[in-house]
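Chains as they are written, first to last, in the numbering used here: chain A, 1 to 247; chain B, 1 to 527; chain C, 1 to 102; chain D, 1 to 500; chain E, 1 to 654. The beta-carbon is built from N, C-alpha and C at its ideal position, and this holds for glycine as well.
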Amino acid sequence: MSTEVLVFDILAVVAVIAALGVILARNPVHSAVALIVTFINLAAIFVMLHAEFLAAVQLLVYTGAVTVLIVFVIFLVKVDDLPEFYGGNPVQRIFALLIGLALLGEVAAAILTRSAIGASDIWTAEAIADAGGNAEVIGQVLYSEYVLAIQITAVLLLVGTVAALVLARPASATLPDRVKRTGLISLAHPRGADREVAAALPAGLEASRRGETSGVRFDDRGVILVDNAEAFTDQTAWGGDRLEGDD
Amino acid sequence: MDNLPILSMITYAPLLGALVLFFTPRVDAATSRQVAIGAGVLAFILSLAMLVSFDVNESGMQFTEHIEWLPDVGVNYDFGVDGISAVLVVLTTLLALVGIIASTSITHRRREYYISLLLLETGMIGVFFALDLFLFYIFWELMLVPMALLIGVWGSANRVYAAVKFFLYTLFGSLLMLVGIVAIYWENINLGNAPTLNILDLAAVQYSDTLQFWVFLAFFIAFAIKVPMWPFHTWLPDAHVEAPTIGSVLLAGVLLKMGGYGLIRFNLSLTPDAAEDLAPYIMVLSLIGIIYGALVALVQPDMKKLVAYSSVSHMGFVTLGIFALNMQGLYGAMIVMLSHGFVTGGLFLCVGVVYERAHTRLISAFGGIVSRMPVYSVLFGVLMLASLGLPGLSGFVGEFLALVGAFNSYRWAGVIGMFVVILAAWYMMWMFQRVVFERAPGEPPDPHDNALPAVSGASADVHDHDDEWPVDEHGVPQWPDLNRIELATILPLVLLTIVVGVWPEPFMELMRTTLETILIPFGSQGV
Amino acid sequence: MEELTATHFLLLSAALFIIGMMGVLTRRNVIVIFMSVELMINGVNVALIGFAWEQNSMVGQSFALFVIAVAAAESIVGLGIIMALQRRIDTIDVADVRQLRE
Amino acid sequence: MLPGLETVNPDLALLTPHLIILGLALLLLAIDVIVPRWRGAPMAYLTIIGYAAALVATLLMIDTNETTFNGMFRADDFSVFVNIIVLTAGILSVLISINYMTSRAEPGSMPVPEYYTLITFSILGTMIVGAAGDLLIVFLGIEMTSLAAYTLTGFARHRTTSLEGALKYFLLGLFASAILVYGMAWTYGATGTTNLTEIATELTAFDTAGGVEASLLLAVLLVIIGLGFKVAAVPFHMWTPDAYQGAPTPVSAYMSVIPKTAGFAAMVRLLVQAMAPLRDEWTIIIAVLAVVTMFFGNIVAIAQTDVKRMLGYSSIGHTGYMLAALAAFGASSDLNDDLSVTSLLFYLLAYAFMNIGAFAVVTWLQDRGRGVDVEDFRGLASQSPYAAVIMTIFLLSLTGLPPLVGFYAKYYVILATVDADLIWLAVAIVLASAASAFVYLRLIATMYFSQAEQPAPEGSTPFLGAGLITMVAGTVLVGVFSGQVIDLAQEWVEALTVPF
Amino acid sequence: MSDLLFLIPLLPLLAATINFVFGRRMADAQTAWLATASIAGSFALSLAAFGNQLDSDEPLTQHLYDWIPAGLFHVPLNLYVDHLTAIMLLVVTSVSLVVHIYSQGYMAGDPGFYRFFSFLPLFVFSMLMLVLADNFLVIFFGWEAVGLCSYLLIGFYFKRHSANQAAKKAFIVNRVGDFGFATGIMLIFWKFDSVVFSEVFARLELVSVDTLTIIALLLFTGAAGKSAQLPLFVWLPDAMEGPTPVSALIHAATMVTAGIYMLARMYPIVSASSDAMFVIALVGAITAFMAGSIALTQFDIKRVIAYSTVSHLGFMAFAIGVGAWVAAIFHLFTHAFFKGLLFLGSGSVIHGMHEEQDMRKMGGLRKYMPTTYWTFAIAAASNAGIIVFAGFFSKDEILVGGWLDHQYALTIIMFGAAFFSSLYIFRAVFMTFWGEERFDPEHVHPHESPRIMTVPLILLAIPAFAAGVVGLPPEDGWIHDFLEPAFHVEEHAEETASAIAIFQEGEEHAEEGHHVSTAMTITFFALSTVLAIGGLAIAYLAYVAKHPAFDPRAWAERAGPVYDLLYNKYYLDEIYERLIIHPLYWISENILWKIVDIEIIDGTVNGVAATVNYSSNQLRRVQTGFVANYALAIAIGAVIVIGIALALQSDLLG
């Protein structure tokens with residue numbers, strides 16, 4: 001067992017255990033942490049497979065941006081007090097387990113009997129080294145063969161942002177008469193405050209809707225009640241509301 | 001005269017009328033009726049012109065039209081007419097014209113009614129003219145929707161069930177035919193010929209027996225549903241009972257002929273060997289159809305259902321004649337189709353006349369009509385006699401020829417078939433006598449009547465509509481005799497029945513060469 | 001197993017992929033499902049890079065790079081949807097999201 | 001430059017339609033920010049003009065079978081036909097959505113400008129897939145279309161069902177994309193290249209006498225499953241009904257055509273072009289999927305009460321017919337009279353007209369304040385006969401009744417399947433369309449054979465009217481003139497085999 | 001002459017159509033006059049044709065047009081008159097003429113007068129077409145047309161349910177006969193490839209005797225239906241519901257004899273198969289005997305005469321069966337006149353007694369209707385076969401023919417029938433005209449019918465009495481040589497030996513019948529007279545002299561069940577009703593319609609629709625709304641697809 005294989009195996013095992021941690025953790029935060037551990041391990045493996053640039057990208061993009069985003073969302077949407085631990089009913093979990101194992105068996109069978117290997121290309125380890133390292137080579141390759149792919153990916157990311165913009169923008173302040181929300185994601189709010197308040201406040205709302213009060217009030221627990229976000233903070237969380245069809 | 005695309009003109013004359021009506025929504029009912037009649041008359045006159053200049057001795061197709069359409073899949077716009085389709089087209093245009101004129105009883109949404117009627121007519125004519133399997137299939141399905149609408153929108157009580165059943169039944173059959181068409185298309189190519197869907201070219205090729213069997217079966221089921229043959233017939237009574245009078249006239253008058261025509265045009269010419277092998281089985285089915293139709297008609301309380309089952313029985317003769325595979329059989333089949341058109345068309349008109357007055361179709365509600373409506377009774381009588389096959393009227397000529405043909409190929413077929421002579425007389429006489437003669441409910445019995453039956457008194461439902469007709473002292477509604485329109489529509493059919501019965505030669509002469517060409521593969525053409 | 005061969009990383013990638021799939025099947029919390037899918041994608045990346053390594057070619061690595069980029073784009077949209085939904089119905093429990101059925 | 005690499009000077013002229021669309025999208029984004037006044041209708045006109053321009057550019061590019069970006073981008077006749085389908089569908093869906101945005105169909109407000117941008121991006125994604133010469137480009141194109149589709153499904157943010165539909169579509173889309181990419185990875189693993197034509201040459205090298213090598217088979221299967229989701233083949237179709245019902249109706253219309261075309265284009269590129277040597281393996285799988293999809297889609301549609309959900313299931317049914325066309329690939333000895341992909345492409349075009357048409361009439365009703373339940377169609381024929389006639393034309397075309405384009409499309413598919421000796425598949429198509437008749441007939445029956453309970457719908461929607469007219473014209477005329485369309489579609493044979 | 005033949009049937013047809021169409025607007029007398037004139041025209045032309053045939057053996061033929069040119073099944077519409085037809089023409093037109101004149105009186109004042117006088121000539125037209133036909137199809141046309149006219153005329157009083165039922169029954173029973181006839185025609189066409197008599201008769205040798213037997217029997221079933229032989233005679237007694245002139249014309253003189261005429265026309269075929277001849281003879285004999293026995297117990301005067309007709313038709317069938325062809329036609333000739341007279345007489349009685357038909361309510365009408373009484377008596381005598389009257393000679397010749405054909409048993413039965421025929425007819429005479437008046441005088445005032453009715457009676461009485469002269473001396477009277485050419489088969493030299501042998505044997509058979517020994521003639525004369533007088537005497541003793549030994553009621557009790565059997569017409573009607581009609585109704589109602597049509601076929605169709613709907617509802621529940629379930633579906637789909645593919649297609653499992 002050469003040291004290289006040994007290291008690879010350790011990293012692989014840790015990654016797998018972390019992955020299991022992701023899907024089995026009760027608390028999403030714990031699974032997020034497990035996810036980060038997995039990503040780090042994978043980065044290490046990438047380095048072993050002479051894909052140093054990829055390892056860097058992995059760390060930067062995945063561990064850095066995506067996971068942070070996930071954690072950020074977890075906090076924002078208050079998932080900590082989730083009632084039950086596992087998702088579907090027990091029968092479904094066992095069934096899913098069986099399916100997973102079956103699929104693993106199938107893929108493993110394909111792996112073990114694999115003989116079709118593509119013709120080896122010119123980029124051996126030495127070639128990469130004297131061409132200036134992995135990052136150099138990847139840069140050259142990307143901007144020679146994959147120019148089109150890069151442009152398309154750029155457009156793709158643009159679409160992603162437009163989509164996020166469309167979806168996550170707050171609707172107009174005057175929501176339909178369902179539940180009058182007291183202030184949206186304004187940073188001044190103590191965590192979890194608005195949920196209880198919203199539920200406990202139907203009487204007060206009628207008064208506020210009719211516009212008698214000046215717009216700022218306090219409830220019994222000292223939480224600041226405002227008619228709408230503008231009333232409380234001068235600057236809304238998402239910038240000026242430019243939807244003409246809103247009101 | 002022959003450079004004019006006469007066949008397309010006949011086919012699209014009704015369509016023209018339908019489009020004119022469709023795009024003039026604000027026109028009132030009367031003018032829409034005029035437009036419809038105009039289109040019907042135009043189509044009829046053109047078809048007569050075609051018939052007149054039809055050359056009897058020419059065995060191939062006449063007035064053919066050919067326009068390249070989808071060359072890659074061998075589809076082109078081929079129209080042509082020969083003996084059998086010429087006769088059936090004239091029947092179609094005549095009955096459609098009669099139908100349009102007789103549509104006085106339709107009250108709501110008359111404009112859409114005329115549109116569907118004209119669309120139906122175009123579909124029917126197109127089927128008879130199309131020489132390309134693709135084009136044939138298009139017109140075959142084109143008829144489906146207007147007929148379903150006619151039944152569904154203007155029908156009576158549970159019309160929706162009948163319309164849906166009719167639509168799905170025929171659609172299912174025709175879809176099987178589609179697979180048949182495609183199968184024979186590829187087989188033709190695999191045998192090395194150019195890709196084509198022209199019937200004549202496809203008929204010229206000799207296919208393998210297994211393919212012939214499956215293609216025969218695919219076509220046969222579609223046409224058997226349309227004829228209708230015995231196991232597939234249950235949609236007919238429902239469709240007839242629910243359809244408006246004119247819908248029934250066209251449904252029985254022409255739509256059923258599509259099945260027969262299709263069997264002759266496709267099953268006999270495209271797959272002759274399979275036709276020959278399967279002929280006995282189909283004859284057994286037709287015999288069941290004949291006897292079964294007659295027996296069940298015996299016990300029908302509703303006039304329209306009785307006539308519907310009688311047409312199941314009559315159409316059994318068509319398939320019996322066709323698959324006798326000899327000259328007499330085919331002649332018989334064609335003449336039964338022709339005469340069934342007038343006779344059953346006329347019978348439905350008569351039932352419609354009585355339905356307009358009494359608003360019920362139950363036989364038990366009628367009686368003693370002859371004293372109030374003598375002219376109607378006479379015409380109804382002649383049609384009834386034609387229906388039970390009295391010699392001298394068209395029914396007999398066709399049925400007897402079909403039976404003779406059947407007898408020549410299989411003795412037992414002829415003999416069993418002949419039984420219907422007794423049954424037909426039985427149920428027709430029973431219905432006619434119960435409706436026309438006897439005493440109207442409420443009329444006092446004749447003093448010398450030896451057998452005083454317990455005539456089922458005044459059945460309640462008859463009288464509640466009687467506010468519209470004057471009532472005599474015994475409470476019997478004095479229905480007026482046929483009005484001008486009703487007479488103008490029923491009389492021509494009766495006259496035609498008598499003419500075809502007494503002097504069928506001109507019609508038979510029309511078909512002679514065509515039937516001979518069709519029978520060549522079976523070796524019994526001249527006989 | 002003297003030195004590193006393809007089966008190693010392929011088994012790893014398969015494991016990660018399957019575990020990710022199991023996560024999607026069993027969990028009801030949208031975020032965890034999302035994370036499980038990220039796991040599956042990482043499994044794919046491992047496979048890609050492994051093949052590149054095996055065949056000494058850069059194709060696999062660039063492919064993996066683009067896959068990561070796409071995964072990033074998807075996460076933006078995904079979280080966007082989750083945010084919008086959460087604002088509406090206060091839950092990210094998949095079970096409650098059942099108005100559309102049958 | 002490093003050895004083995006050369007700078008690529010791409011012939012951008014081949015990309016004109018794609019660039020037009022990209023330019024349009026960016027322009028729309030700019031307008032959204034710079035000239036707020038133009039939001040809404042003027043933007044829509046611009047979008048339509050843009051699509052029309054791209055369509056003209058595509059038509060000009062017929063028979064220019066060339067590739068650029070060293071094989072990554074193939075401007076061949078197949079991509080031309082895909083562009084035609086997608087751009088026509090784009091024009092139609094934009095036409096029907098203009099009035100929808102401002103009508104009282106959606107209670108809440110919707111960010112209208114982004115709507116047109118996202119649709120344009122989605123169209124760009126599909127066009128990329130159409131023109132893809134490489135696995136990566138296919139994947140990117142698919143992702144672009146899907147991202148736009150997820151967002152558009154959740155466009156009516158004030159309605160939780162819309163977001164719910166989007167969420168389901170997104171999660172399962174992600175899941176399927178992962179599977180697709182995994183399949184692509186395996187393909188790369190086995191062949192060493194991601195270029196489609198090279199993969200084909202590599203695969204011919206393997207002998208498949210005793211049975212295909214497991215890893216190759218796995219690659220093909222994973223690709224089929226991944227794309228199966230995109231085109232809503234049965235075991236992977238679960239998202240479709242919820243997404244169709246949740247999304248605003250014009251989006252459902254768009255979604256039923258453009259992302260599905262992307263899926264089928266990807267299938268043709270991957271299966272027909274790249275994995276042609278394994279055709280004996282995957283044609284059977286596709287055929288089985290096709291039959292299951294046909295029957296499931298049509299049968300479940302019968303019991304639906306919500307028309308949009310019913311049309312969703314019926315679109316699954318139509319996917320079944322298209323899969324059947326694909327399954328007929330490669331059976332006939334001489335490739336260039338192989339009708340399989342030709343019938344698939346023609347079916348997609350025909351399907352675009354009739355399906356968007358059906359959704360358009362639902363939009364027409366919604367614009368006038370009537371719901372989407374089957375009961376809302378009750379007695380429509382007596383109240384507004386023209387709308388009823390138009391809806392009947394679309395439904396009859398979907399059933400496959402002759403004079404309309406649906407019949408021609410189904411005829412060509414049956415032609416292809418019978419040619420491939422898949423007689424049982426042809427009979428399945430016939431039986432499934434008989435079952436589908438149940439579905440559409442029920443709707444026609446409610447329109448024509450029963451009395452109306454609600455007040456007659458009134459209101460004017462000029463653009464929707466124009467859209468409906470074009471679609472009716474398309475449904476009636478495309479069939480009659482399908483000769484020329486088929487000639488163009490038949491070019492795929494030569495297009496796919498062009499070496500880069 | 002041959003190109004005027006078409007006028008014979010055309011004149012009555014024209015009269016019928018004109019009366020039918022314009023009848024309502026024409027006065028009753030006009031319609032009657034027009035009809036009678038047309039029949040008179042036909043009668044004159046028939047006489048001319050008869051004259052032509054008297055002195056030439058060449059038959060008159062006239063081709064009108066080709067009716068059905070269907071390849072070999074070529075049916076020309078030809079009119080053909082040979083000696084046999086000439087006689088029939090005479091009989092039909094003469095009796096019709098008399099009946100037309102008589103009906104003007106009988107039907108006077110009836111609202112449907114014009115309708116009666118359009119149907120009657122229509123009937124004559126059909127009968128003439130039947131008689132003049134020269135091929136099977138035209139004869140079949142006449143056959144059914146006659147059936148139709150009898151339907152119309154029997155159901156003339158359409159208000160009466162019994163009349164309608166009787167009309168329908170007549171038509172349908174005739175149709176049962178027509179079934180046999182049509183099947184026979186089909187067999188003939190199949191075997192001879194033609195339906196024209198001359199062509200068929202020319203090709204007789206090509207066919208085996210068994211086929212000929214079958215053909216003959218089938219034709220006989222047709223004849224049995226029309227001429228009311230044993231199984232199918234049930235309709236004739238009920239046909240008395242129609243007006244009496246109708247019964248006289250149709251159910252005595254013309255229509256019912258059509259069957260016998262058809263068999264005579266088919267001489268070559270029928271005579272070739274001896275088995276068929278035997279069957280015909282047997283059926284004829286039994287019918288004669290049975291009908292005679294039933295007639296004894298009937299009280300309605302018209303039904304007695306009706307059963308007498310059936311009995312006499314049995315005589316004619318028996319005559320044909322035993323090869324006495326000429327005797328059959330001779331009896332037909334005489335029977336037409338005296339049976340017509342009997343009916344018209346009874347009509348005049350009924351007319352006088354204000355529609356009263358039951359003999360038990362009559363009696364002693366001699367004084368009130370002398371002419372009717374005397375003409376009725378002459379007809380009765382002729383019917384009974386009293387020595388000098390016409391009926392005696394023809395009936396006797398049949399009995400002789402029967403004996404010569406060695407059908408001894410059957411001939412004895414015929415003797416019994418002959419005895420019955422005298423007994424029941426004189427019973428009727430004595431019950432109506434003799435004995436005490438059993439009607440109550442205030443209501444019923446019997447009176448002699450007006451001259452318009454009595455003159456035809458007298459006109460018919462003459463041939464009823466003198467028609468026998470035609471057949472004197474027995475076996476080779478005028479009628480025998482006149483009909484001789486019709487009943488012998490031309491020699492065909494080159495036919496195969498066996499065929500000639502058959503006809504040889506048939507030939508002597510006929511010769512031997514000609515010169516019968518005078519001793520036999522005398523003995524048969526004596527025997528017939530004894531029977532006839534015996535019948536008269538018994539009737540006289542029973543009904544006029546009321547002799548205790550012959551009291552009818554006493555005999556009735558003594559006979560007991562036999563009497564009931566006879567009175568109820570051997571329960572034939574009930575048997576048919578229970579064995580055929582009810583089961584048929586029940587089967588078609590409960591089994592064919594309710595079960596096969598609705599349960600099985602519709603059941604399956606609706607079943608398919610229901611299962612599709614049910615599966616649709618079940619499948620739809622698969623869509624649970626859970627995202628996790630959706631992903632599960634994808635996963636399961638993936639596992640299954642990969643598993644099966646790997647198993648089947650990959651090289652894993654070899």
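Checklist entry - Out of curiosity, what's the CA-to-CA distance linking residue 67/A and residue 15/A? => result 16 Å
Checklist entry - With DSSP run on the structure shown, which of helix, strand or coil describes residue 116/B? => result Correct three-state label for residue 116/B: helix.
Next on the checklist: I want to see whether chain E comes within less than 7 Å of residue 77/C, judged by CB atoms only; does it?
Outcome noted: For residue 77/C, the nearest beta carbon of chain E is not closer than 7 Å to its own beta carbon.
Checklist entry - Taking Cβ-Cβ distances below 7 Å as the criterion, which residues of the region 439-450 of chain D are in contact with chain B? => result For the region 439-450 of chain D, which is checked against every Cβ of chain B, the residues closer than 7 Å are 441, 445, 448 and 449.
Next on the checklist: Taking 7 Å as the threshold (beta carbon to beta carbon), is residue 603/E in contact with chain C?
Outcome noted: no
Next on the checklist: Using beta carbons (cut-off 7 Å, strictly below), is residue 4/C in contact with chain E?
Outcome noted: no
Checklist entry - Where in the region 269-327 of chain D do unbroken runs of the beta strand (DSSP E), each at least 3 residues long, occur, reported from the N-terminal end onward? => result none
Item to check | Closer than 7 Å to chain C by CB, residue 635/E | outcome: yes
Item to check | Separation of residue 91/A from residue 149/A, as counted between CA atoms | outcome: 44 Å
Next on the checklist: For residue 416/D and residue 345/D, which I take to be in contact (beta-carbon distance under 8 Å), what is that distance rounded to the nearest angstrom?
Outcome noted: Not quite, the Cβ-Cβ distance comes to about 11 Å (not below 8 Å), so this is no contact.
Checklist entry - If you scan the region 452-494 of chain E from start to end, which runs of the alpha helix (DSSP H) of 4 or more residues do you find wholly inside it? => result 478-483
Checklist entry - Do we get a CB-CB distance below 7 Å when we pair residue 7/C with the residues of chain A? => result At least one beta carbon of chain A lies nearer than 7 Å to the beta carbon of residue 7/C.
Next on the checklist: Between which residues of its own chain and residue 450/D is the CB-CB distance below 7 Å, once the five residues before and five after are set aside?
Outcome noted: 378 and 379
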